[in-house]
Each structure stands twice: as structure tokens, then as C-alpha cells.
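Here the structure comes first, spelled out in C-alpha cells, and everything after it is commentary.
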Amino acid sequence: MNFHQYYPIDVVNGPGTRCTLFVSGCVHQCRGCYNQSTQRLDSGVLFTQQAEDQIIADLNDTRIKRRGLSLSGGDPLHPANVPQILKLVKRVREECPGKDIWVWTGYTLDELSDQQREVTQYIDTLIDGKFEQDKKDLNLEWRGSSNQIIHRFKID
Ligand code: SF4
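If you count the sequence shown from 1, you need to add 181 to reach our numbering.
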């Protein structure tokens, strides 16, 4: 998996202060995409073990209280990204107690394959669906267009 940006301190993408990772790769080709440069899977730089370890360390850094991790892109649930995203969210669950995980994807919840759906077992919130320009609404919180749905999951 490649990624474009990692912000260890972010107050824009999700509630509270967060770590945010923008991964590479997206098949959805939404008109008006806000992040076109991330669509190619081979764009950006390699997401290494070191980068993964850094996210875990940042979430557990007690000097700055972060509420959780946001995963955006690109599409974290692009099939090529899912194995590494699954590994990351499982680690956050196990190693970062009390932190929440938010994921943005261009797929709707109903469209997810079994493998993509497995990720939802480890996250708190999924914002789903393509960005639809005719449904764009700047007043929406966490979403670009009104077709997108915020799904909240109960973590066991
Ligand atoms: S899902 Fe997001 S990143 Fe992918 S094309 Fe649509 S707006 Fe762009």
C-alpha cells in the first residue's frame, strides 16, 4: 500500500484531535473529486512497517491527547489496500485502547466484499459512498455530498 499524507495532529478529519492517513488508490472516479492525485495505486510513497509503528506510537503519545485515527484517501477500502488496512486497524484496537477509528470510502456499505467488510468489525465509523457533485453540501459534517452515509458500529 502507498500513501500520500500522514498528519500526526489533525483537527479537521473527524472529531477531536486525531492522526490522519491519506492512502493511495481509488477506482471511483467521482466527478469533482477533491483528491484526484491520490487515485492511482502507485502514487505517493510506500506505507512501511516504520510508518505503521509511528501511527501506533503517536496514538499512544500521552503528551498530546488524540481521540483516534482517521483513514481517508484515495480509498482505504480499495481491494489492494484492505490487507494492510486490516492489519493497521487490528493493531490500533489491540494496542491503543480508548482510541476510535474513522474510515472514508467510495463504496457503499452494501457494496463491500466480505474482505472489505471485515475492516468494519474493527472501526467505529464508516462514511460511505462516492462524492456526487449534484448532492454537494458544504453544511454537512464529515461528508462532501448528501448521498454519503455515516455508519456507526458498536465495537465488542
Ligand atoms: S471516492 Fe473520494 S478519492 Fe475516490 S474518486 Fe471519489 S472523491 Fe475521489
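All C-beta atoms in this analysis are idealised placements derived from N, C-alpha and C, irrespective of residue type, glycine included.
*What are the boundary residues of the beta strand (DSSP E) that includes arginine 333?*
Within the sequence shown, residue 333 is the residue found at index 152, counting from 1. Unbroken beta strand (DSSP E) run through arginine 333: 330-333.
_Segment limits, beta strand (DSSP E) that includes isoleucine 308_ = Walking along the sequence shown from the start, residue 308 turns up at place 127. Run containing isoleucine 308: 306-309, per the beta strand (DSSP E) assignment.
*Where does aspartate 291 land, buried or exposed, given buried means 16+ other C-beta within 10 angstroms?*
Residue 291 sits at position 110 when you count from the first residue of the sequence shown. In summary, aspartate 291 is exposed, with fewer than 16 beta-carbon neighbours lying within 10 Å of its beta-carbon over all protein chains present.
*Using CA coordinates, which residue listed in Val300, Arg272 and Gly287 is at the minimum distance from asparagine 328?*
Counted from its first residue, the sequence shown places residue 328 at position 147. Ranked by Cα distance from asparagine 328, the first of Val300, Arg272 and Gly287 is Gly287.
*Which first and last residues belong to the alpha helix (DSSP H) in which isoleucine 245 is found?*
Start at 1 with the first residue of the sequence shown, and residue 245 comes out as number 64. Here isoleucine 245 belongs to no alpha helix (DSSP H), and DSSP marks it neither H nor E.
*asked:* Which complete alpha helix (DSSP H) runs does the segment 239-327 hold, if anything under 4 residues is left out?
replied: DSSP assignment within the segment 239-327 yields the following whole alpha helix (DSSP H) runs of 4 residues or more, N-terminal first: 263-276 and 295-300.
*Given a threshold of 16 other Cβ atoms within 10 Å of its Cβ, counted over all protein chains shown, does valine 208 qualify as buried or as exposed?*
The sequence position of residue 208 within the sequence shown is 27, counting from 1. Exposed, by the Cβ-count rule.
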